[in-house]
Amino acid sequence: MKELRYLNKYFIKYKYSFSLGIIFTIIAQIFSLFTPKLISKSFKAIEQFDKLTKTQRQSQVVISHFTEELVHNVLLIIGTTIIAGLLTFLMRQTLIVMSRHVEFDLKNEVFRQYENLSQNFYKQNRTGDLMNRISEDVSKVRMYVGPAVMYTINTFIRFAIVIGYMYNVSPRLTLYTLLPLPILSYCIFKLSSEINIRSTVFQQYLSKVSSFTQEIFSGIRVIKAYSLENQQQNNLIDLADESKSKSLNLAKVQSLFGPLMLALIGISNLIVIYFGGLMYINGSIQSIGTIAEFILYVNMLTWPVASLGWVSSMVQEAEASQKRLNEFLKIVPEIQNKNPNPSRIDGAISFENVSYTYQDTNIKALQNISFSVKKGETIAILGKTGSGKSTILSLLSRLYNVNQGSIRIDNHEIASLNLYDLRNSIGIVPQDAFLFSDSIKNNIKFGNENATDNQVIEAAKSAVVHDNIMDFNKQYETILGERGITLSGGQKQRVSIARAIIKNPAILLFDDCLSAVDTETEEAILNNLFEICKDKTTIIVSHRVSSAKNADRILILEDGKIIQQGSHNQLINQDGYYAALYLKQLSEKELL
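All letters in the sequence shown, in the order written, are residues 778 to 1369 by our numbering.
This is the structure:
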């Protein structure tokens, strides 16, 4: 149960609902106990009537008296049952509704943690597994907070009240009735331990299935292109068979609870009838109504006792799920906002002997990089694949923290700035353009939620994608497929550029974002961008000289080091990577 202690803060938060639910439970149990008492009283009345002489039984006065007593008891039984039912309803309305609030809060907490965790975390964990934790695992935990807690409280309160009543009626018969309980407790303990083990394994396999299917759906075009449908189907069947096997193993243990509970309750009933009958014969109890009352008490305990197995199963499953949640809820995010105060960002950037090594691959992406960019200046970064270009932009956005050296913004250490102000001041167009399953307009407005329709159109025109959008039937209201699959690669890149432009940030970062557009469109976009970026600090990462030639300064990276830097005219007159790339791309253009 130690993993579930994490949820105690939610019980404290909703302590009033929780306390009110317990009060309703206690009162409901008290009212439900009137029925056995009234039935016992009715039996005693019938026994008294039976002991009367024949003449007395035929008297209308006597008949009327006993009839009134029986009707009075029946009406009381109906009334107390209705009240107990109403209170039970109110109990559910407080405790179950409370569990829904806890589920809501926990999902939000999990989601916030997902947002705060660093890029390294997402490199080490699969999306399907993370989705399974925020859905399946949180649902399992809700079952503990709601039904499991409710039935546990209900069971203990009912046991305390019912056993107290039973003991008051006949201590000896109560002792006989409770004889099976030690056996029950031992069985629950053994089965619960096994359920916890099997539930953990099952949840792990469920995550594997979720991760596998999520990857297949995301990469369905590749699967179809390589005609791998049958192979992937067979892989899923193998994985699903394993998951089914673990599920059946869990279900086999869980299925033992019901029959075991009912068998023990049946034994308790037999004990009541047998020993109660003997005690009635020898005069230890005075009325057969006492036996009827005890049978009703035992049957009132039937559901609570039978539910112990179900509750125990829910608790064990919830603990296994909460353990999975705790694994990363307790992770301290690598990237933290160390300055809660607002930070003003103008855009001057300085890298001083910056080195960075990726933790997951141990690849040294940058080695002693130093350069500076003035506010409003545009620089371009070129280099071969894997030279560290994108890493510079990731460090500048604080998606990672530097291993060595220093990055300064406006002469302030980047880590000392308010993280959210820093990122709000940066507009970034990533290499892999990601669009959401929403309208084109909302995807562009993602950069500025308060943007007007005219601003959206102007941003799209600057990114040279407006005409393409107007060709769609619903134009800017066109709903995109997952990851923007509705659009071509070049269209996705240009919508991403529009999204960055509309944000109007102090710093603009373009990570090879024109690789999927033709040279004519690229030229038009660049002309617009250089006009927009006049008063903004801009860094353009590219493989094309055409994207870099108009920059104030160009950096050439190789193996994480700066090997050349200068203007376009300076670099084409030097032997090296840039001049060779310029001549190569120039000749390719002439051939086209």
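Don't be surprised by glycine CBs; every beta carbon is placed ideally from N, CA and C.
Local conformation of residue i per DSSP, three classes
| i | result |
| --- | --- |
| Tyr1133 | strand |
| Leu1369 | For Leu1369, the predicted structure reports a pLDDT of 47, less than 50, and the residue's modelled location is therefore unreliable. A value from the coordinates is still provided. Leu1369: coil per DSSP, three-state reduction. |
| Glu780 | helix |
| Glu1235 | helix |
| Ala770 | Residue 770 cannot be examined here, being either before or after the span of the chain that is shown, 778 to 1369. |
| Asp1123 | coil |
| Leu1358 | helix |
| Ser1183 | strand |
| His1320 | coil |
| Val1241 | coil |
| Arg903 | coil |
| Val1294 | coil |
| Gly1343 | strand |
| Lys821 | helix |
| Gly1066 | helix |
| Ile1205 | strand |
| Lys985 | helix |
| Glu1111 | coil |
| Thr1315 | strand |
| Ile1262 | coil |
| Phe1128 | strand |
| Lys1338 | strand |
| Pro1081 | helix |
N-terminal and C-terminal residue of the alpha helix (DSSP H) that residue i is part of
| i | result |
| --- | --- |
| Leu1027 | 1006-1031 |
| Lys786 | 785-790 |
| Ser916 | 915-920 |
| Ala1002 | 997-1002 |
| Glu1226 | First-last for Glu1226: undefined, no H or E at that position. |
| Ser1273 | 1266-1280 |
| Lys1398 | No information on residue 1398 is available, as it lies outside the stretch 778 to 1369 that the chain covers here. |
| Arg949 | 948-954 |
Host beta strand (DSSP E) of residue i (start-end)
| i | result |
| --- | --- |
| Gln1351 | Where Gln1351 is concerned, there is no enclosing beta strand (DSSP E), given that its DSSP letter is neither H nor E. |
| Phe1148 | 1141-1150 |
| Thr1138 | Element bounds for Thr1138: n/a, residue is neither H nor E. |
| Phe1211 | Element bounds for Phe1211: n/a, residue is neither H nor E. |
| Asp1288 | 1284-1288 |
| Arg1330 | 1330-1335 |
8 Å Cβ cutoff met for residue i and residue j
| i | j | result |
| --- | --- | --- |
| Leu1013 | Glu913 | no |
| Leu1303 | Ser1324 | yes |
| Asn897 | Glu1111 | yes |
| Phe1052 | Tyr963 | no |
| Asp1289 | Val1318 | yes |
| Ala1192 | Asn1180 | no |
| Thr951 | Ile938 | no |
| Ala1275 | Ser1239 | yes |
| Leu781 | Tyr942 | no |
| Gly1054 | Ser817 | no |
| Gly1182 | Val1131 | yes |
| Leu1039 | Leu968 | no |
| Leu853 | Leu815 | yes |
| Gly1353 | Leu1143 | no |
| Ser976 | Glu1094 | yes |
| Val1088 | Phe1071 | no |
| Ser1061 | Phe820 | no |
| Gln1136 | Ala1210 | no |
| Lys1218 | Val1233 | yes |
| Leu1173 | Ser1214 | no |
| Gln1031 | Ile1108 | no |
Expected contact under 8 Å - CB spacing of residue i and residue j to nearest Å
| i | j | result |
| --- | --- | --- |
| Asn1103 | Tyr783 | 6 Å |
| Thr802 | Thr857 | Contact doesn't hold; Cβ gap of about 16 Å is too wide. |
| Val986 | Leu1016 | 6 Å |
| Val926 | Arg910 | About 21 Å; that fails the 8 Å criterion. |
| Val1241 | Thr1315 | Going by Cβ atoms, the distance from Val1241 to Thr1315 rounds to 17 Å, so no, they are not a contact pair. |
| Lys1023 | Phe989 | Actually they do not touch by this definition, with Cβ atoms about 15 Å apart. |
| Ala1228 | Ile1279 | 5 Å |
| Glu880 | Arg935 | Actually they do not touch by this definition, with Cβ atoms about 26 Å apart. |
CB contact below 8 Å: residue i versus chain B
| i | result |
| --- | --- |
| Tyr1133 | Judged by its chain identifiers, the structure shown contains no chain B, having just a single protein chain. |
> So does the region 995-1004 actually touch the region 1116-1123, counting three or more Cβ pairs closer than 8 Å?
Replying inline: In short, these stretches do not touch, since the Cβ pair count stays below three.
> Quick one: any contact between the region 1276-1286 and the region 1123-1131, if contact means 3 or more CB pairs under 8 Å?
Replying inline: Yes, the region 1276-1286 touches the region 1123-1131.
> Do the region 1155-1165 and the region 1330-1348 touch if we need at least three Cβ pairs shorter than 8 Å?
Replying inline: At 8 Å Cβ cutoff, the stretches touch.
> If you pair each beta-carbon of the region 920-932 with each one of the region 863-883, do three or more pairs fall below 8 Å?
Replying inline: As far as the Cβ criterion goes, the region 920-932 touches the region 863-883, which means the pair count is three or higher.
>> Does the contact criterion of 3 or more C-beta pairs under 8 Å hold for the region 873-891 versus the region 787-803?
In response: Of all C-beta pairs linking the region 873-891 to the region 787-803, three or more are shorter than 8 Å, placing the two stretches in contact.
> Does the region 904-913 come within contact of the region 1043-1050, defined as at least 3 CB pairs closer than 8 Å?
Replying inline: The region 904-913 is not in contact with the region 1043-1050.
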